[in-house]
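Residue numbers (this note's numbering): 415 to 924.
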(Lines of atoms letter the chains of each structure in order from A and count residues from 1; the text may use other names and numbers.)
(Lines give C-alpha, C1' and ligand atoms only; values in the text may rest on other atoms or scores of the structure.)
Protein backbone atom coordinates (compact mmCIF):
# COMPACT_ATOMS: atom_id res chain seq x y z
CA UNK A 1 0.00 0.00 0.00
CA UNK A 2 1.67 3.28 -1.03
CA UNK A 3 2.74 5.50 1.77
CA UNK A 4 1.57 9.08 1.94
CA UNK A 5 4.00 11.92 2.35
CA UNK A 6 2.68 14.70 4.55
CA UNK A 7 2.54 18.13 2.99
CA UNK A 8 5.27 20.42 4.31
CA UNK A 9 4.40 24.08 4.03
CA UNK A 10 7.07 26.47 2.76
CA UNK A 11 9.20 28.14 5.40
CA UNK A 12 7.90 31.45 6.68
CA UNK A 13 9.33 34.61 5.28
CA UNK A 14 12.06 36.15 7.31
CA UNK A 15 13.71 39.50 7.14
CA UNK A 16 17.42 39.94 6.53
CA UNK A 17 19.64 42.90 5.90
CA UNK A 18 20.45 41.55 2.44
CA UNK A 19 16.88 42.09 1.35
CA UNK A 20 17.43 45.82 1.40
CA UNK A 21 20.68 45.52 -0.46
CA UNK A 22 19.15 43.59 -3.37
CA UNK A 23 16.43 46.15 -3.81
CA UNK A 24 18.77 49.12 -3.98
CA UNK A 25 21.38 47.94 -6.44
CA UNK A 26 22.58 50.07 -9.30
CA UNK A 27 20.85 49.42 -12.66
CA UNK A 28 24.05 47.93 -13.99
CA UNK A 29 23.88 45.26 -11.27
CA UNK A 30 20.17 44.49 -11.36
CA UNK A 31 20.61 40.92 -12.56
CA UNK A 32 23.12 39.94 -9.89
CA UNK A 33 20.49 38.88 -7.36
CA UNK A 34 18.72 35.54 -7.67
CA UNK A 35 16.85 35.61 -4.37
CA UNK A 36 13.42 37.04 -3.77
CA UNK A 37 13.25 40.33 -1.95
CA UNK A 38 11.41 40.01 1.35
CA UNK A 39 10.43 42.99 3.43
CA UNK A 40 9.26 43.43 7.00
CA UNK A 41 8.71 46.97 8.23
CA UNK A 42 10.69 48.13 11.24
CA UNK A 43 10.96 51.68 12.53
CA UNK A 44 14.72 51.58 12.98
CA UNK A 45 15.34 50.63 9.37
CA UNK A 46 12.87 53.22 8.15
CA UNK A 47 14.91 55.88 9.86
CA UNK A 48 18.14 54.60 8.33
CA UNK A 49 16.69 54.68 4.86
CA UNK A 50 15.11 58.05 5.35
CA UNK A 51 18.21 59.83 6.60
CA UNK A 52 20.43 59.19 3.59
CA UNK A 53 19.04 60.93 0.50
CA UNK A 54 20.85 60.27 -2.76
CA UNK A 55 22.93 57.64 -1.01
CA UNK A 56 22.70 53.89 -1.06
CA UNK A 57 23.08 53.66 2.68
CA UNK A 58 24.66 55.29 5.64
CA UNK A 59 28.40 55.54 5.90
CA UNK A 60 28.66 52.49 8.05
CA UNK A 61 26.17 50.21 6.29
CA UNK A 62 27.36 46.65 6.02
CA UNK A 63 26.29 46.40 2.40
CA UNK A 64 29.38 48.33 1.34
CA UNK A 65 31.54 45.43 2.42
CA UNK A 66 30.29 43.61 -0.68
CA UNK A 67 30.37 46.69 -2.90
CA UNK A 68 32.92 47.70 -5.52
CA UNK A 69 35.00 49.62 -2.97
CA UNK A 70 35.93 46.45 -1.13
CA UNK A 71 36.48 44.45 -4.32
CA UNK A 72 38.50 47.01 -6.20
CA UNK A 73 41.98 45.75 -6.89
CA UNK A 74 43.24 48.97 -8.46
CA UNK A 75 42.71 51.01 -5.31
CA UNK A 76 45.23 50.64 -2.52
CA UNK A 77 43.82 51.16 0.92
CA UNK A 78 44.88 54.16 2.98
CA UNK A 79 44.64 54.75 6.68
CA UNK A 80 42.20 57.35 7.98
CA UNK A 81 45.04 59.71 8.85
CA UNK A 82 46.52 59.46 5.35
CA UNK A 83 43.15 60.18 3.74
CA UNK A 84 42.74 63.22 5.93
CA UNK A 85 46.27 64.33 4.99
CA UNK A 86 45.55 64.09 1.25
CA UNK A 87 42.30 66.00 1.71
CA UNK A 88 44.05 68.81 3.60
CA UNK A 89 47.27 69.14 1.64
CA UNK A 90 45.91 70.48 -1.72
CA UNK A 91 44.33 73.44 0.08
CA UNK A 92 47.65 74.62 1.52
CA UNK A 93 49.62 75.16 -1.64
CA UNK A 94 50.12 77.95 -4.17
CA UNK A 95 46.86 79.79 -3.53
CA UNK A 96 47.51 80.00 0.20
CA UNK A 97 51.15 81.04 -0.27
CA UNK A 98 50.40 83.93 -2.64
CA UNK A 99 47.62 85.25 -0.40
CA UNK A 100 50.19 87.74 0.99
CA UNK A 101 51.04 89.10 -2.46
CA UNK A 102 49.77 92.48 -3.52
CA UNK A 103 47.73 90.85 -6.32
CA UNK A 104 45.68 89.06 -3.63
CA UNK A 105 44.92 92.16 -1.57
CA UNK A 106 41.20 92.66 -1.01
CA UNK A 107 39.14 94.59 1.54
CA UNK A 108 38.13 92.50 4.53
CA UNK A 109 34.48 93.03 3.58
CA UNK A 110 35.19 91.11 0.38
CA UNK A 111 37.99 88.77 1.42
CA UNK A 112 36.31 87.17 4.46
CA UNK A 113 32.93 86.45 2.82
CA UNK A 114 34.77 85.15 -0.25
CA UNK A 115 36.97 82.89 1.85
CA UNK A 116 34.05 81.30 3.71
CA UNK A 117 31.94 81.11 0.55
CA UNK A 118 34.50 79.12 -1.43
CA UNK A 119 35.30 76.98 1.60
CA UNK A 120 31.64 76.01 1.73
CA UNK A 121 31.62 75.34 -2.01
CA UNK A 122 34.64 73.07 -1.61
CA UNK A 123 32.81 70.99 1.00
CA UNK A 124 29.68 70.95 -1.15
CA UNK A 125 31.48 69.84 -4.33
CA UNK A 126 33.33 67.10 -2.47
CA UNK A 127 30.00 65.91 -1.08
CA UNK A 128 28.59 65.76 -4.61
CA UNK A 129 31.50 63.58 -5.79
CA UNK A 130 31.10 61.42 -2.71
CA UNK A 131 27.36 60.91 -3.26
CA UNK A 132 27.78 60.24 -6.98
CA UNK A 133 30.33 57.54 -6.27
CA UNK A 134 28.05 55.90 -3.72
CA UNK A 135 24.94 56.26 -5.88
CA UNK A 136 26.37 54.51 -8.95
CA UNK A 137 28.54 52.24 -6.76
CA UNK A 138 31.74 53.01 -8.62
CA UNK A 139 35.15 53.55 -7.02
CA UNK A 140 36.74 55.31 -10.00
CA UNK A 141 36.02 58.71 -11.50
CA UNK A 142 36.15 57.32 -15.04
CA UNK A 143 33.43 54.83 -14.16
CA UNK A 144 31.26 57.61 -12.73
CA UNK A 145 31.54 59.47 -16.05
CA UNK A 146 30.71 56.29 -17.95
CA UNK A 147 27.65 55.64 -15.80
CA UNK A 148 26.42 59.17 -16.51
CA UNK A 149 27.30 59.54 -20.19
CA UNK A 150 27.68 56.07 -21.73
CA UNK A 151 25.77 53.53 -19.71
CA UNK A 152 24.25 50.50 -21.40
CA UNK A 153 25.07 48.06 -24.12
CA UNK A 154 26.12 48.97 -27.64
CA UNK A 155 27.98 52.11 -26.57
CA UNK A 156 31.53 50.79 -26.57
CA UNK A 157 32.79 53.50 -28.92
CA UNK A 158 31.26 56.26 -26.82
CA UNK A 159 32.65 54.66 -23.66
CA UNK A 160 36.12 54.64 -25.18
CA UNK A 161 35.99 58.32 -26.10
CA UNK A 162 34.57 59.30 -22.69
CA UNK A 163 37.29 57.31 -20.92
CA UNK A 164 40.06 58.85 -23.02
CA UNK A 165 38.64 62.37 -22.56
CA UNK A 166 38.56 61.93 -18.78
CA UNK A 167 42.11 60.56 -18.72
CA UNK A 168 43.60 63.28 -20.91
CA UNK A 169 41.84 66.13 -19.09
CA UNK A 170 42.88 64.74 -15.70
CA UNK A 171 46.45 64.26 -16.88
CA UNK A 172 46.52 67.80 -18.30
CA UNK A 173 45.36 69.27 -15.00
CA UNK A 174 47.98 67.31 -13.03
CA UNK A 175 50.79 68.19 -15.45
CA UNK A 176 49.88 71.89 -15.36
CA UNK A 177 49.87 71.85 -11.55
CA UNK A 178 53.31 70.23 -11.46
CA UNK A 179 54.69 72.66 -14.06
CA UNK A 180 53.33 75.75 -12.28
CA UNK A 181 54.57 74.56 -8.88
CA UNK A 182 57.99 73.74 -10.29
CA UNK A 183 58.23 77.12 -12.01
CA UNK A 184 57.17 78.95 -8.84
CA UNK A 185 59.88 77.14 -6.87
CA UNK A 186 62.47 78.03 -9.49
CA UNK A 187 61.40 81.69 -9.48
CA UNK A 188 61.82 81.84 -5.71
CA UNK A 189 65.34 80.41 -5.79
CA UNK A 190 66.73 82.47 -8.71
CA UNK A 191 67.93 85.29 -6.42
CA UNK A 192 70.25 82.88 -4.62
CA UNK A 193 72.03 81.62 -7.75
CA UNK A 194 75.06 83.67 -8.92
CA UNK A 195 74.56 85.43 -12.24
CA UNK A 196 77.94 84.25 -13.50
CA UNK A 197 77.02 80.59 -13.27
CA UNK A 198 78.10 77.90 -15.69
CA UNK A 199 74.56 77.43 -17.00
CA UNK A 200 71.59 79.80 -16.98
CA UNK A 201 70.20 80.19 -13.44
CA UNK A 202 66.65 79.16 -14.37
CA UNK A 203 67.80 75.95 -16.03
CA UNK A 204 70.02 75.16 -13.05
CA UNK A 205 67.29 75.81 -10.47
CA UNK A 206 64.54 73.94 -12.32
CA UNK A 207 66.75 70.95 -13.10
CA UNK A 208 67.99 70.67 -9.53
CA UNK A 209 64.45 70.80 -8.12
CA UNK A 210 63.21 68.24 -10.65
CA UNK A 211 66.04 65.85 -9.75
CA UNK A 212 65.17 66.13 -6.07
CA UNK A 213 61.50 65.26 -6.45
CA UNK A 214 61.71 62.79 -9.35
CA UNK A 215 62.27 59.69 -7.14
CA UNK A 216 59.18 60.66 -5.12
CA UNK A 217 57.05 61.25 -8.22
CA UNK A 218 57.59 57.72 -9.49
CA UNK A 219 56.32 56.05 -6.33
CA UNK A 220 53.72 53.35 -7.08
CA UNK A 221 50.74 54.99 -5.36
CA UNK A 222 49.54 57.36 -2.67
CA UNK A 223 50.04 54.55 -0.16
CA UNK A 224 53.81 54.78 -0.62
CA UNK A 225 55.57 55.92 2.53
CA UNK A 226 57.75 58.32 0.50
CA UNK A 227 54.69 60.15 -0.81
CA UNK A 228 53.04 60.24 2.61
CA UNK A 229 56.16 61.61 4.31
CA UNK A 230 56.73 64.23 1.60
CA UNK A 231 53.11 65.37 1.92
CA UNK A 232 53.46 65.67 5.69
CA UNK A 233 56.63 67.69 5.14
CA UNK A 234 54.75 69.97 2.74
CA UNK A 235 52.00 70.64 5.28
CA UNK A 236 54.53 71.16 8.08
CA UNK A 237 56.46 73.62 5.89
CA UNK A 238 53.34 75.66 5.28
CA UNK A 239 52.47 75.77 8.98
CA UNK A 240 56.02 76.90 9.77
CA UNK A 241 55.84 79.52 7.01
CA UNK A 242 52.56 80.78 8.47
CA UNK A 243 54.11 81.03 11.94
CA UNK A 244 57.04 83.05 10.60
CA UNK A 245 54.71 85.37 8.67
CA UNK A 246 52.57 85.90 11.78
CA UNK A 247 55.69 86.65 13.80
CA UNK A 248 56.83 89.25 11.24
CA UNK A 249 53.41 90.86 11.17
CA UNK A 250 53.32 91.05 14.97
CA UNK A 251 56.72 92.77 14.92
CA UNK A 252 55.47 95.40 12.47
CA UNK A 253 57.34 93.99 9.47
CA UNK A 254 55.96 94.03 5.96
CA UNK A 255 54.91 90.65 4.62
CA UNK A 256 53.73 91.99 1.28
CA UNK A 257 55.28 90.60 -1.91
CA UNK A 258 55.38 92.06 -5.38
CA UNK A 259 54.50 90.02 -8.47
CA UNK A 260 56.10 91.31 -11.65
CA UNK A 261 54.05 89.29 -14.18
CA UNK A 262 50.76 88.32 -12.60
CA UNK A 263 48.47 86.06 -14.68
CA UNK A 264 45.19 87.61 -15.71
CA UNK A 265 43.05 85.10 -13.80
CA UNK A 266 45.21 84.65 -10.71
CA UNK A 267 44.34 87.92 -9.02
CA UNK A 268 42.03 89.06 -6.24
CA UNK A 269 39.09 86.82 -5.43
CA UNK A 270 40.08 84.21 -8.02
CA UNK A 271 43.12 83.36 -5.86
CA UNK A 272 40.78 82.34 -3.03
CA UNK A 273 38.66 80.32 -5.46
CA UNK A 274 41.75 78.59 -6.84
CA UNK A 275 42.93 77.82 -3.30
CA UNK A 276 39.84 75.67 -2.65
CA UNK A 277 40.05 73.62 -5.84
CA UNK A 278 40.55 69.90 -5.41
CA UNK A 279 40.28 66.95 -7.77
CA UNK A 280 41.05 63.71 -5.92
CA UNK A 281 37.87 63.06 -3.97
CA UNK A 282 36.67 59.72 -5.37
CA UNK A 283 40.08 57.97 -5.25
CA UNK A 284 40.51 58.97 -1.61
CA UNK A 285 37.02 57.80 -0.73
CA UNK A 286 37.67 54.48 -2.46
CA UNK A 287 41.00 54.12 -0.64
CA UNK A 288 39.30 54.76 2.70
CA UNK A 289 36.51 52.27 2.05
CA UNK A 290 38.89 49.58 0.77
CA UNK A 291 40.68 49.68 4.12
CA UNK A 292 37.60 48.16 5.82
CA UNK A 293 37.55 44.39 5.39
CA UNK A 294 34.45 42.17 5.45
CA UNK A 295 33.76 40.71 8.86
CA UNK A 296 35.67 43.43 10.66
CA UNK A 297 34.00 45.85 13.09
CA UNK A 298 32.30 48.85 11.54
CA UNK A 299 34.17 52.10 11.25
CA UNK A 300 33.29 54.78 13.74
CA UNK A 301 31.35 57.74 12.40
CA UNK A 302 34.20 59.96 13.51
CA UNK A 303 36.28 58.23 10.81
CA UNK A 304 33.77 58.72 7.99
CA UNK A 305 34.82 60.37 4.76
CA UNK A 306 32.33 63.21 5.20
CA UNK A 307 33.80 64.12 8.57
CA UNK A 308 37.33 64.08 7.15
CA UNK A 309 36.29 66.27 4.21
CA UNK A 310 34.59 68.84 6.44
CA UNK A 311 37.39 68.83 9.02
CA UNK A 312 40.10 69.28 6.37
CA UNK A 313 38.36 72.34 4.92
CA UNK A 314 37.77 73.86 8.36
CA UNK A 315 41.43 73.42 9.37
CA UNK A 316 42.66 74.70 6.00
CA UNK A 317 40.44 77.78 6.31
CA UNK A 318 41.82 78.47 9.78
CA UNK A 319 45.37 78.28 8.34
CA UNK A 320 44.57 80.45 5.30
CA UNK A 321 42.66 83.11 7.22
CA UNK A 322 45.66 84.88 8.87
CA UNK A 323 47.56 85.63 5.61
CA UNK A 324 44.33 86.91 4.04
CA UNK A 325 43.78 89.25 7.00
CA UNK A 326 47.40 90.41 6.93
CA UNK A 327 47.13 91.20 3.22
CA UNK A 328 43.82 93.03 3.63
CA UNK A 329 45.22 95.22 6.41
CA UNK A 330 48.33 96.13 4.39
CA UNK A 331 47.12 99.40 2.92
CA UNK A 332 49.50 101.81 1.20
CA UNK A 333 49.73 104.01 4.29
CA UNK A 334 50.30 101.02 6.57
CA UNK A 335 53.06 99.66 4.33
CA UNK A 336 54.93 102.95 4.57
CA UNK A 337 55.03 102.70 8.37
CA UNK A 338 56.19 99.07 8.41
CA UNK A 339 59.80 97.98 8.52
CA UNK A 340 61.30 95.70 5.93
CA UNK A 341 62.06 92.13 7.07
CA UNK A 342 65.66 91.04 7.38
CA UNK A 343 67.35 89.04 4.63
CA UNK A 344 67.54 85.99 6.84
CA UNK A 345 63.78 86.08 7.44
CA UNK A 346 63.13 86.47 3.72
CA UNK A 347 65.41 83.49 3.10
CA UNK A 348 63.42 81.44 5.62
CA UNK A 349 60.16 82.40 3.90
CA UNK A 350 61.58 81.43 0.53
CA UNK A 351 62.88 78.09 1.74
CA UNK A 352 59.61 77.21 3.45
CA UNK A 353 57.45 78.19 0.48
CA UNK A 354 59.68 76.18 -1.88
CA UNK A 355 59.44 73.14 0.40
CA UNK A 356 55.67 73.52 0.61
CA UNK A 357 55.26 73.41 -3.16
CA UNK A 358 58.07 71.03 -4.02
CA UNK A 359 57.11 68.30 -1.54
CA UNK A 360 53.47 68.67 -2.55
CA UNK A 361 54.24 67.69 -6.14
CA UNK A 362 54.61 63.89 -5.60
CA UNK A 363 51.06 63.44 -4.29
CA UNK A 364 49.80 65.25 -7.40
CA UNK A 365 51.91 63.42 -9.96
CA UNK A 366 51.36 59.94 -8.49
CA UNK A 367 47.63 60.25 -9.29
CA UNK A 368 48.23 61.03 -12.98
CA UNK A 369 46.23 58.49 -15.03
CA UNK A 370 48.05 56.15 -17.38
CA UNK A 371 47.84 57.21 -21.01
CA UNK A 372 47.83 54.78 -23.96
CA UNK A 373 51.32 53.58 -24.92
CA UNK A 374 52.02 51.53 -28.09
CA UNK A 375 52.50 47.85 -27.41
CA UNK A 376 55.83 47.82 -29.26
CA UNK A 377 57.27 50.27 -26.73
CA UNK A 378 55.86 48.45 -23.70
CA UNK A 379 57.39 45.16 -24.83
CA UNK A 380 60.92 46.55 -24.80
CA UNK A 381 60.95 48.33 -21.44
CA UNK A 382 59.68 47.93 -17.91
CA UNK A 383 59.73 51.66 -17.24
CA UNK A 384 56.44 53.51 -16.65
CA UNK A 385 56.60 55.14 -20.09
CA UNK A 386 53.45 57.21 -19.62
CA UNK A 387 54.66 58.72 -16.35
CA UNK A 388 58.15 59.41 -17.73
CA UNK A 389 56.72 61.22 -20.75
CA UNK A 390 54.32 63.27 -18.63
CA UNK A 391 57.07 64.21 -16.18
CA UNK A 392 59.27 65.39 -19.06
CA UNK A 393 56.35 67.41 -20.42
CA UNK A 394 55.76 69.05 -17.03
CA UNK A 395 59.48 69.72 -16.66
CA UNK A 396 59.61 71.33 -20.12
CA UNK A 397 56.51 73.46 -19.51
CA UNK A 398 58.04 74.87 -16.32
CA UNK A 399 60.56 76.77 -18.51
CA UNK A 400 57.83 78.88 -20.09
CA UNK A 401 58.12 82.57 -19.31
CA UNK A 402 56.35 85.85 -19.96
CA UNK A 403 53.01 85.63 -21.75
CA UNK A 404 53.32 81.87 -22.22
CA UNK A 405 53.76 81.32 -18.49
CA UNK A 406 50.79 83.56 -17.67
CA UNK A 407 48.70 81.69 -20.22
CA UNK A 408 49.66 78.38 -18.63
CA UNK A 409 48.52 79.66 -15.24
CA UNK A 410 45.25 80.92 -16.72
CA UNK A 411 44.51 77.53 -18.28
CA UNK A 412 45.31 75.87 -14.96
CA UNK A 413 42.89 78.13 -13.09
CA UNK A 414 40.08 77.43 -15.57
CA UNK A 415 40.61 73.65 -15.51
CA UNK A 416 40.84 73.59 -11.72
CA UNK A 417 37.61 75.56 -11.31
CA UNK A 418 35.79 73.40 -13.86
CA UNK A 419 36.90 70.12 -12.31
CA UNK A 420 36.03 71.22 -8.78
CA UNK A 421 32.73 73.04 -9.20
CA UNK A 422 31.25 72.63 -12.69
CA UNK A 423 31.85 68.97 -13.56
CA UNK A 424 30.36 67.37 -10.41
CA UNK A 425 27.28 69.60 -10.73
CA UNK A 426 26.80 68.55 -14.37
CA UNK A 427 27.20 64.86 -13.56
CA UNK A 428 24.74 65.15 -10.68
CA UNK A 429 22.14 66.77 -12.93
CA UNK A 430 22.58 64.16 -15.68
CA UNK A 431 22.35 61.19 -13.32
CA UNK A 432 19.50 62.45 -11.15
CA UNK A 433 17.41 64.27 -13.77
CA UNK A 434 17.95 62.33 -16.99
CA UNK A 435 18.32 58.81 -15.60
CA UNK A 436 15.75 56.56 -14.04
CA UNK A 437 16.06 56.85 -10.25
CA UNK A 438 17.21 53.81 -8.31
CA UNK A 439 14.63 52.11 -6.11
CA UNK A 440 15.00 52.05 -2.35
CA UNK A 441 13.35 48.78 -1.33
CA UNK A 442 11.79 47.53 -4.58
CA UNK A 443 13.87 45.23 -6.79
CA UNK A 444 14.75 46.66 -10.17
CA UNK A 445 13.50 43.50 -11.99
CA UNK A 446 11.45 40.53 -10.83
CA UNK A 447 13.80 38.24 -8.95
CA UNK A 448 14.24 34.52 -9.60
CA UNK A 449 12.53 32.36 -6.97
CA UNK A 450 14.90 30.85 -4.43
CA UNK A 451 12.28 28.38 -3.16
CA UNK A 452 9.57 26.46 -5.02
CA UNK A 453 6.96 27.84 -2.65
CA UNK A 454 7.73 31.47 -3.54
CA UNK A 455 6.33 32.94 -6.72
CA UNK A 456 8.68 34.50 -9.27
CA UNK A 457 7.07 37.92 -8.96
CA UNK A 458 5.96 37.56 -5.36
CA UNK A 459 8.18 40.29 -3.97
CA UNK A 460 8.16 42.38 -7.13
CA UNK A 461 4.37 42.77 -7.05
CA UNK A 462 4.08 42.99 -3.29
CA UNK A 463 1.65 45.80 -2.49
CA UNK A 464 3.37 46.43 0.86
CA UNK A 465 6.70 46.95 -0.85
CA UNK A 466 5.18 49.27 -3.41
CA UNK A 467 3.56 51.41 -0.72
CA UNK A 468 6.79 51.46 1.25
CA UNK A 469 8.69 52.53 -1.86
CA UNK A 470 6.27 55.38 -2.57
CA UNK A 471 6.39 56.53 1.05
CA UNK A 472 10.19 56.62 1.17
CA UNK A 473 10.38 58.37 -2.20
CA UNK A 474 7.98 61.07 -0.96
CA UNK A 475 10.03 61.51 2.21
CA UNK A 476 13.17 62.01 0.16
CA UNK A 477 11.53 64.37 -2.30
CA UNK A 478 11.98 67.52 -0.20
CA UNK A 479 15.65 66.84 0.41
CA UNK A 480 16.20 65.94 -3.23
CA UNK A 481 14.68 69.24 -4.26
CA UNK A 482 16.99 71.05 -1.84
CA UNK A 483 20.04 69.27 -3.27
CA UNK A 484 18.89 70.02 -6.82
CA UNK A 485 18.54 73.70 -5.94
CA UNK A 486 22.05 73.70 -4.49
CA UNK A 487 23.53 71.91 -7.51
CA UNK A 488 21.81 74.18 -10.02
CA UNK A 489 23.01 77.18 -8.02
CA UNK A 490 26.54 75.82 -8.15
CA UNK A 491 26.26 75.23 -11.89
CA UNK A 492 24.57 78.40 -13.17
CA UNK A 493 25.23 81.44 -10.93
CA UNK A 494 28.57 80.27 -9.50
CA UNK A 495 30.23 78.30 -12.30
CA UNK A 496 28.55 80.26 -15.08
CA UNK A 497 29.41 83.58 -13.47
CA UNK A 498 33.00 82.47 -12.92
CA UNK A 499 33.38 81.48 -16.58
CA UNK A 500 31.97 84.81 -17.73
CA UNK A 501 34.36 86.64 -15.40
CA UNK A 502 37.29 84.59 -16.73
CA UNK A 503 36.32 85.39 -20.32
CA UNK A 504 36.08 89.08 -19.50
CA UNK A 505 39.47 89.09 -17.79
CA UNK A 506 41.13 87.32 -20.69
CA UNK A 507 39.57 89.73 -23.17
CA UNK A 508 40.56 92.73 -21.04
CA UNK A 509 36.99 93.87 -20.42
CA UNK A 510 37.59 94.31 -16.68
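We put the CB at the ideal spot given by N, CA and C, even for glycine.
In DSSP terms, what residue i is bridged to
| i | result |
| --- | --- |
| residue 667 | 753 |
| residue 515 | 671 |
Cβ-based burial, residue i [other Cβ within 10 Å; buried from 16]
| i | result |
| --- | --- |
| residue 896 | exposed |
| residue 504 | buried |
| residue 719 | buried |
| residue 705 | buried |
| residue 509 | buried |
| residue 761 | exposed |
| residue 596 | buried |
| residue 810 | exposed |
| residue 438 | At residue 438, the pLDDT of 41 sits below 50, so the modelled position is not reliable and the matter cannot be decided from this model. |
| residue 665 | exposed |
| residue 610 | exposed |
| residue 651 | buried |
| residue 734 | buried |
| residue 758 | exposed |
| residue 629 | exposed |
| residue 890 | buried |
| residue 787 | exposed |
| residue 606 | exposed |
| residue 677 | buried |
| residue 923 | exposed |
| residue 846 | buried |
| residue 574 | exposed |
| residue 865 | Confidence in residue 865 is poor, its pLDDT being 46 and thus under 50, which makes the residue's placement too unreliable to answer from. |
| residue 790 | exposed |
| residue 456 | With a pLDDT of only 40 at residue 456, under the threshold of 50, the placement of this residue in the model should not be trusted, and no figure is reported. |
| residue 544 | buried |
| residue 908 | buried |
| residue 663 | buried |
| residue 617 | exposed |
| residue 622 | exposed |
| residue 919 | buried |
Reference residue i, options the options, closest by Cα
| i | options | result |
| --- | --- | --- |
| residue 550 | 498, 691 and 563 | 563 |
| residue 600 | 772, 684, 882 and 837 | 772 |
| residue 514 | 669, 699 and 778 | 669 |
| residue 914 | 804, 679 and 843 | 679 |
| residue 756 | 814, 616, 924 and 667 | 667 |
| residue 638 | 496, 528, 766 and 828 | 496 |
| residue 565 | 529, 849 and 592 | 849 |
| residue 532 | 790, 691 and 903 | 691 |
| residue 832 | 912, 767 and 903 | 912 |
| residue 528 | 742, 724 and 560 | 742 |
| residue 492 | 641, 609 and 776 | 641 |
| residue 738 | 631, 907 and 660 | 660 |
| residue 898 | 735, 534 and 844 | 844 |
| residue 627 | 892, 791, 806 and 916 | 806 |
| residue 835 | 880, 905 and 887 | 905 |
| residue 522 | 920, 766, 792 and 740 | 740 |
| residue 754 | 671, 598 and 545 | 671 |
| residue 631 | 589, 603 and 619 | 589 |
| residue 602 | 765, 608 and 721 | 765 |
| residue 619 | 893, 830, 879 and 812 | 812 |
| residue 405 | 525, 547 and 902 | A query on residue 405 cannot be resolved here, the shown segment of the chain reaching from 415 to 924 and no further. |
| residue 658 | 916, 763, 821 and 623 | 763 |
CB contact check: residue i to chain B, cutoff 7 Å
| i | result |
| --- | --- |
| residue 693 | In the structure shown, chain B cannot be found, because there is only a single protein chain. |
* Asked: Is the number of C-beta pairs between the region 798 to 807 and the region 770 to 789 that are closer than 8 Å three or more?
  -> yes
* Specify whether the region 716 to 729 and the region 497 to 512 touch according to this definition: at least 3 beta carbon pairs, one from each stretch, less than 8 Å apart. => yes
* Asked: Counting Cβ pairs closer than 8 Å, one from the region 579 to 590 and one from the region 781 to 796, do we hit at least three?
  -> A contact exists between the region 579 to 590 and the region 781 to 796.
* **Contact the region 812 to 830 vs the region 552 to 570: 3+ CB pairs below 8 Å** => no
* Asked: Does the region 531 to 543 come within contact of the region 829 to 847, defined as at least 3 CB pairs closer than 8 Å?
  -> Contact holds: three or more Cβ-Cβ distances are below 8 Å.
* To do: Identify every run of the alpha helix (DSSP H) within the region 610 to 653, keeping only runs that are complete inside it and at least 4 residues long; order them along the chain.
  => 615 to 631
* **Whole beta strand (DSSP E) elements within the region 676 to 709, 3-residue minimum** => none
* Asked: For the 8 Å Cβ check, are there 3 or more pairs between the region 681 to 694 and the region 517 to 524?
  -> Yes, the region 681 to 694 is in contact with the region 517 to 524.
* Asked: Pairing CB atoms from the region 543 to 559 with CB atoms from the region 695 to 704, are three or more of them under 8 Å?
  -> yes
* **Entirely enclosed alpha helix (DSSP H) segments - the region 778 to 854, minimum 4 residues** => 789 to 793, 799 to 811, 817 to 831 and 837 to 847
* Those runs of the alpha helix (DSSP H) which lie wholly inside the region 535 to 588 and span at least 4 residues -> 555 to 563
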